[in-house]
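Residue numbers (this note's numbering): 68 to 199.
Here is the structure:
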């Protein structure tokens with residue numbers, strides 16, 4: 068399955084959705100991903116077959132996020148664009164991207180309770196951020 072432009076699930080409204088996890092079992096490619104501002108009930112973002120993101124991944128300000136799981140993701144960014152930003156999340160967070168090889172910009176910053184980052188295949192960050 069391919070998602071065209073952008074998959075954006077955020078919870079910035081005054082309503083609180085009781086969502087516990089974001090799970091897309093068949094998505095292989097997507098334009099960009101954005102998941103922001105989820106409360107205590109949302110604990111995991113799971114994309115078991117995702118292989119590429121053409122633009123950005125942004126996962127910010129989630130209260131109890133415990134797992135970001137994208138075991139088949141190999142690349143983020145095409146044509147000199149593509150940020151991975153995982154910032155200001157709380158919870159005992161594990162980031163699991165074992166096959167990620169290339170990203171244009173990478174930032175993991177201010178995540179309280181960060182437990183593990185698995186990116187053992189990362190070979191290239193083409194526009195590195197200073198010390199993030």
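Glycine is no exception: its CB is placed at the ideal position from the N, C-alpha and C atoms. Nothing here was measured: the structure is a model prediction, and the numbers come from that model.
Using the Cβ count rule (16 or more neighbours within 10 Å means buried), how would you classify residue i?
i, result
"residue 149", "buried"
"residue 193", "exposed"
"residue 129", "buried"
"residue 179", "exposed"
Residue i: which of the options sits nearest, CA to CA?
i, options, result
"residue 89", "109, 121, 99 and 190", "109"
"residue 166", "187, 131 and 129", "187"
"residue 95", "179, 138, 103 and 180", "138"
"residue 115", "164, 184, 183 and 171", "164"
"residue 87", "105, 93, 101 and 97", "105"
"residue 10", "158, 185 and 153", "Here the chain has residues from 68 to 199 only, and residue 10 is not among them."
"residue 92", "140, 157 and 144", "140"
Please list the terminal residues of the continuous beta strand (DSSP E) segment that includes residue i.
i, result
"residue 103", "100-103"
"residue 185", "183-185"
"residue 113", "111-113"
"residue 174", "172-176"
"residue 152", "150-154"
Residues bridged to residue i by DSSP?
i, result
"residue 120", "97 and 143"
"residue 130", "According to DSSP, residue 130 bridges with nothing at all."
"residue 168", "Residue 168 is not bridged to any residue."
"residue 88", "111"
Going by the beta-carbon positions, is the gap between residue i and residue j smaller than 8 Å?
i, j, result
"residue 119", "residue 99", "no"
"residue 151", "residue 121", "no"
"residue 177", "residue 155", "yes"
"residue 160", "residue 132", "yes"
"residue 162", "residue 135", "yes"
"residue 168", "residue 181", "no"
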